[in-house]
Amino acid sequence: MSITEQIQALMPDLVNGKTLQQLEEELAATDKQMGCHVVNGRKFPGFIPQSNLEALRTFEVRDDDVYVFTYPRSGTHWMSEILHYILHDGKGDFNRSFMTNVLEMTMAEDPSQLESVTPGYKMYAAMASPRCILSHCLESFRPPQILTKQAKVVYVARNPKDMLVSLFNMASHWHFDEVFWAFCHGKMVMGCWFEHVLSYWNQRDKENFLFVKYEDLHKDLRGSICKLAQHVGKDLPDDVIDDILERVTFGGMQKTYQQIEEERGEKGKRMTRYRGVVPYLRQGQVGNWKNTFTVAQSALFDKIYALKMEGTGLDFDFEL
5 MSITEQIQAL MPDLVNGKTL QQLEEELAAT DKQMGCHVVN GRKFPGFIPQ
55 SNLEALRTFE VRDDDVYVFT YPRSGTHWMS EILHYILHDG KGDFNRSFMT
105 NVLEMTMAED PSQLESVTPG YKMYAAMASP RCILSHCLES FRPPQILTKQ
155 AKVVYVARNP KDMLVSLFNM ASHWHFDEVF WAFCHGKMVM GCWFEHVLSY
205 WNQRDKENFL FVKYEDLHKD LRGSICKLAQ HVGKDLPDDV IDDILERVTF
255 GGMQKTYQQI EEERGEKGKR MTRYRGVVPY LRQGQVGNWK NTFTVAQSAL
305 FDKIYALKME GTGLDFDFEL
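The structure is reproduced here in structure tokens:
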């Protein structure tokens, strides 16, 4: 049997009392409501129109760019804070418009206004260097010039159990059982987590590339900051590293985000919260998945994880 067939055989016949056909129908209805569409076999939400993906093919990459790629809810904001402080020598006076920009997205609060909002790639194109550019792009959709220019790439991967719970808590209209089913079958918006992570993992030996695990940031944040600084060519003194460390702890980021909301009001909340409502900073813990997964779900997930990850050499800490 293929891996897909093995996973199908492992899954229960009923999920939250619903048949697989009912789940498929509900998912199709939700996708339609979100304006989802399929490009090259991958599902994208309405705020990532095909025109944006096509524009990335000719996006002008600069040699001093730093690109942060992640699957959603895998430490994107944390990494962007760290790198912005590094690129600006520990100073916090940098342009924070990156907090509302993702390279391939058009961040319109109302889908009907999509064409009247400037897409992320155009906003980044107008930014002064050095740019730290955030993206959830699968490897095959990213700007091709990344391969020919001197730009640096950082990929952040988070253990999939915590990632899934974080994604569920941020934006799901379904019960967790149903989200779990969609993930295991690779039916999530933005595509299959395993494909996304492994496509970047396979590039880990390239000179301009750094693969970072979310859990390693927790285990050794200072050491991770030093490694990132070296990767982007910044030789920072110890006192600057220490200052950055204080600012990018979870508590330090909460303090910064609270200040942004207090100073900028509703505009600030659109920077620190998904659609201005759900905070991007939730708990920032490793192992919080245990409060959501059932024992049976965890065991089933482990079997699927083992099938998908066998022979890749990539593993994760699911608790610290």
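Count the sequence shown with my numbering and you get residues 5 to 324, in order.
Cβ coordinates follow ideal geometry from the N, Cα and C atoms, glycine included.
* For the region 42-56 and the region 203-212, state whether three or more C-beta atom pairs, one from each stretch, are separated by less than 8 Å. => The count of Cβ pairs closer than 8 Å, one atom from the region 42-56 and one from the region 203-212, stays below three, leaving the stretches out of contact.
* **Within 8 Å, strictly: CB atoms of L87 and L221** => Result no, Cβ atoms of L87 and L221 do not sit closer than 8 Å.
* For the alpha helix (DSSP H) that V1 lies in, which residues bound it at each end? -> This structure cannot settle anything about residue 1, because the visible part of the chain is limited to 5 through 324.
* To do: Report yes or no: do three or more beta-carbon pairs, one from the region 170-188 and one from the region 93-111, lie closer than 8 Å?
  => No, they do not touch.
* Could you tell me how far apart the beta carbons of M103 and M275 are, in whole angstroms, since I believe they sit closer than 8 Å? => Separation of the CB atoms of M103 and M275 is rounded to 4 Å, and the pair is thereby assigned contact status at 8 Å.
* Asked: Any chance the region 186-193 sits against the region 140-154, with 3 or more Cβ pairs inside 8 Å?
  -> When C-beta atoms of the region 186-193 are compared with those of the region 140-154, fewer than three pairs fall below 8 Å, so the two segments do not count as touching.
* Those residues which DSSP pairs with H41 across a bridge -> Looking at the DSSP assignment, H41 forms a beta bridge with F48.
* Return helix, strand or coil for F172, following the three-state DSSP convention. => Correct three-state label for F172: helix.
* Asked: In whole angstroms, what is the alpha-carbon distance linking N105 and P76?
  -> Whole-angstrom Cα-Cα distance: 14 Å.
* To do: Check the DSSP bridge columns for S139 and list the partner residues they point to.
  => F73.
* Does DSSP put F184 in a helix, in a strand, or in coil? -> In the three-state scheme derived from DSSP, where H, G and I count as helix and E and B as strand, F184 is classed as helix.
* Asked: Under a three-way DSSP split, which group does R277 fall into?
  -> Taken through DSSP and simplified to helix, strand or coil, R277 comes out as strand.
* To do: For L240, I'd like the list of residues in its chain whose CB is within less than 6 Å of its CB, leaving aside the five on either flank, ordered along the chain.
  => Within the same chain, L240 has close Cβ partners A233.
* Asked: L214 bridges to which residues according to DSSP?
  -> The partner list for L214 (beta bridge, DSSP) reads V158.
* Asked: Is it true that the CB of L57 sits closer than 8 Å to the CB of E108?
  -> Going by C-beta atoms, E108 is nearer than 8 Å to L57.
* **Exposed unless 16 or more other CB atoms sit within 10 angstroms - verdict on F73** => Result: buried.
* Which first and last residues belong to the alpha helix (DSSP H) in which T62 is found? -> That residue, T62, is in no alpha helix (DSSP H); it is neither H nor E in DSSP.
* Asked: In this structure, what does DSSP give as the bridge partners for V19?
  -> As DSSP reads the structure, V19 sits in a beta bridge with K22.
* Asked: Any idea which residues DSSP pairs P283 with across the strands?
  -> P283 is bridged to R277.
* **Beta-carbon contacts of C136 that lie in its chain and below 7 Å, excluding the five residues immediately before and after** => These residues qualify, in order along the chain: V70, V72, S84, L87, H88, L91 and F102.
* How about Y89: is its Cβ closer than 7 Å to a heavy atom in the ligand SAH? -> The ligand SAH is not among the ligands present in this structure, which contains no ligands whatsoever.
* Asked: Buried or exposed: where does E267 fall if 16 or more other Cβ atoms within 10 Å of its Cβ makes it buried?
  -> Exposed, by the Cβ-count rule.
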